[in-house]
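Undergrad: One structure, as structure tokens, below. Some questions next.
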Amino acid sequence: MTKLTNNITTFILAPLSKQVSYNQCSLQAKFQLCSYTHLTSRITMMKTAITELFGIEKPIILPGMSWISVPELVAAVSNAGGLGILATGPLSKNETREAIRKIRELTDKPFGIGVTLMMPGAKENAKVALEERVPVINFSLGKGDWLVEAAKAYGGKVIATVVTQKHALAAQKSGVDALLVTGHEAAAHGGEVTSLCLVPSIVDIVDIPVIAAGGFADGRGLIAALALGAEGVAMGSRFATSKESPLHQHVKDTVVEKDVEQTIYSKNFDGLYARVMKAPMAEKATRRPMNFFMATIKSFKAAKMVDMPLWKLLLGLLSQFDKIKMLSLFGAATEKLEAATIHGDLDHGVQFIGQSQGLIQEIESVQTLMDNMMAQATEVHLRIGSITPD
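By the numbering used here, the letter at position 368 of the sequence shown is numbered 384, and the numbering carries on one by one without gaps.
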């Protein structure tokens with residue numbers, strides 16, 4: 017059974033056993049209130065398949081976000097009972113190793129690292145994570161069979177980020193332990209289908225736990241995700257605007273001011289469909305794709321950033337133009353992402369953000385926002401549990 021517990025309150029949200037899958041349970045069973053002694057009691061722990069899998073207290077995940085999911089934020093989330101995932105996209109293999117060791121200085125709780133396998137340097141960073149025996153590895157945009165095999169050799173767990181049913185089934189077949197299912201509402205590279213439809217459609221066809229991402233920012237979203245069959249949520253935009261996040265203060269303040277509809281979803285920014293904050297440079301950067309000449313110039317900067325040898329880049333331009341073009345778009349996007357994320361310049365920079373920005377009303381510490389989230393989850397659970405058929 018999936019239990020939410022503290023020292024004076026016990027709730028049962030959903031059956032969860034190896035014999036009965038979550039999505040096979042009735043909605044009534046998922047929200048059956050078994051007992052409570054005080055309606056204002058705050059849930060401090062929530063037991064789901066995800067918390068059991070990773071050894072955490074709350075089914076809340078910090079996804080890897082470049083320049084944001086740094087060791088300090090990763091550790092803050094893990095120390096608060098969730099699972100923090102380090103972003104390795106901008107890091108060299110040496111920087112990745114240093115970051116992993118820094119996290120271990122800041123927390124003794126489980127944590128993970130994220131790797132986008134199609135990007136240069138990702139494989140090298142993943143190998144570092146394996147050498148360092150990181151508890152959880154989250155990969156996306158590539159085949160992670162070798163990662164799964166290597167991680168499981170030391171007892172590590174692997175999450176695959178997916179946006180379609182096809183990729184979900186392929187990831188399950190490769191042996192991953194869980195799926196991070198990213199809906200249309202998400203920051204950066206969410207899918208074409210909204211979380212409301214995508215999450216249950218994937219829950220219905222897989223036998224491993226699902227983490228819902230895209231549009232989740234509070235306790236209401238957590239309970240909604242559980243109702244959809246997920247076993248936890250990932251919240252990028254919400255954690256990006258926490259006090260511990262290195263995101264520039266101007267951008268955090270702007271997120272609080274923005275509404276849910278003030279984002280742009282386009283393929284023109286970095287070559288993949290991505291959601292960004294609606295701001296002056298974002299509107300310009302998503303208007304049309306980069307031309308070949310500019311793409312080639314930008315590819316040199318991108319290659320330098322990830323320590324790719326010049327000869328390899330030139331060979332790639334001749335033999336694998338599509339991949340090198342993607343690298344160039346990545347390089348161009350990096351400049352603008354750094355301008356916004358690090359320097360707070362939304363006139364010249366672009367910020368990945370999800371539609372959940374409209375749900376973010378204040379900037380709180382990680383511990384406070386997670387405590388408030390669990391308190392709201394308690395209230396929503398009790399309210400739903402009190403609904404009875406006529």
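Even glycine gets a Cβ: it sits at the ideal position worked out from N, Cα and C.
Tell me whether the beta-carbon of Val152 lies closer than 9 Å to the beta-carbon of Ile101.
TA: A contact, by the Cβ cut-off of 9 Å.
Undergrad: Please determine, among Ala92, Arg120 and Ala169, the residue with the shortest C-alpha to C-alpha distance to Ser261.
TA: Per the Cα distances, Ala92.
Undergrad: Could you compute how far the alpha carbon of Thr112 sits from the alpha carbon of Ile84?
TA: Their backbone Cα atoms lie some 14 Å apart in a straight line.
Undergrad: Leaving out five residues before and five after Ala202 in sequence, what residues of the same chain have Cβ atoms less than 6 Å from its Cβ?
TA: Within the same chain, Ala202 has close Cβ partners Ala229, Gly230 and Gly370.
Undergrad: Answer with buried or exposed for Ile280, where buried requires no fewer than 16 other C-beta atoms within 10 angstroms of its C-beta.
TA: Ile280 comes out buried.
Undergrad: Taking the C-alpha atoms as reference points, what is the distance between Arg117 and Tyr289?
TA: The straight-line gap from Cα to Cα measures roughly 33 Å.
Undergrad: In angstroms with no decimal places, state the Cα-to-Cα distance between Ala298 and Gly365.
TA: Their backbone Cα atoms lie some 7 Å apart in a straight line.
Undergrad: Quick check: what's the CA-CA separation for Glu208 versus His200?
TA: Spanning the two alpha carbons is a distance of roughly 5 Å.
Undergrad: In this structure, how does DSSP classify Ala142 when only helix, strand and coil are distinguished?
TA: Of the three classes helix, strand and coil, the one that applies to Ala142 here is helix, per DSSP.
Undergrad: By how many angstroms is the C-alpha of Ile400 removed from the C-alpha of Leu69?
TA: Distance between the alpha carbons of Leu69 and Ile400: 27 Å.
Undergrad: Go to Met293, then tell me how far its beta strand (DSSP E) extends in each direction, as first and last residue.
TA: Ala290 to Met293 is the span of the beta strand (DSSP E), which, as asked, contains Met293.
Undergrad: Throw me the rounded Cβ distance for the Val197 and Val174 pair, which I believe falls under 8 Å.
TA: At roughly 15 Å, the Cβ-Cβ gap does not stay under 8 Å, so Val197 and Val174 are not in contact.
Undergrad: Pull up the distance between the alpha-carbon of Ala348 and that of Glu148, whole angstroms please.
TA: If you take the alpha carbons of Ala348 and Glu148, they lie about 32 Å apart.
Undergrad: In chain order, what residues of the same chain lie with their CB nearer than 7 Å to the CB of Glu225, ignoring the 5 residues before and after it?
TA: Reading the sequence as shown, one finds Pro at residue 225 and not Glu. Answer for Pro225: Ala65, Ile66, Leu69, Ala194 and Glu247, listed in chain order.
Undergrad: If you count every other CB in all the chains shown that lies within 10 Å of the CB of Thr53, and 16 or more means buried, which is it?
TA: Residue placement at Thr53 is flagged as unreliable, the pLDDT there being 30, under the threshold of 50; the coordinate-derived value follows with that caveat. Exposed: under 16 other Cβ atoms inside 10 Å.
Undergrad: Shortest alpha-carbon distance to Asn110 belongs to which of Ser156, Ala142 and Thr384?
TA: The residue with the shortest Cα to Cα distance from Asn110 is Ala142.
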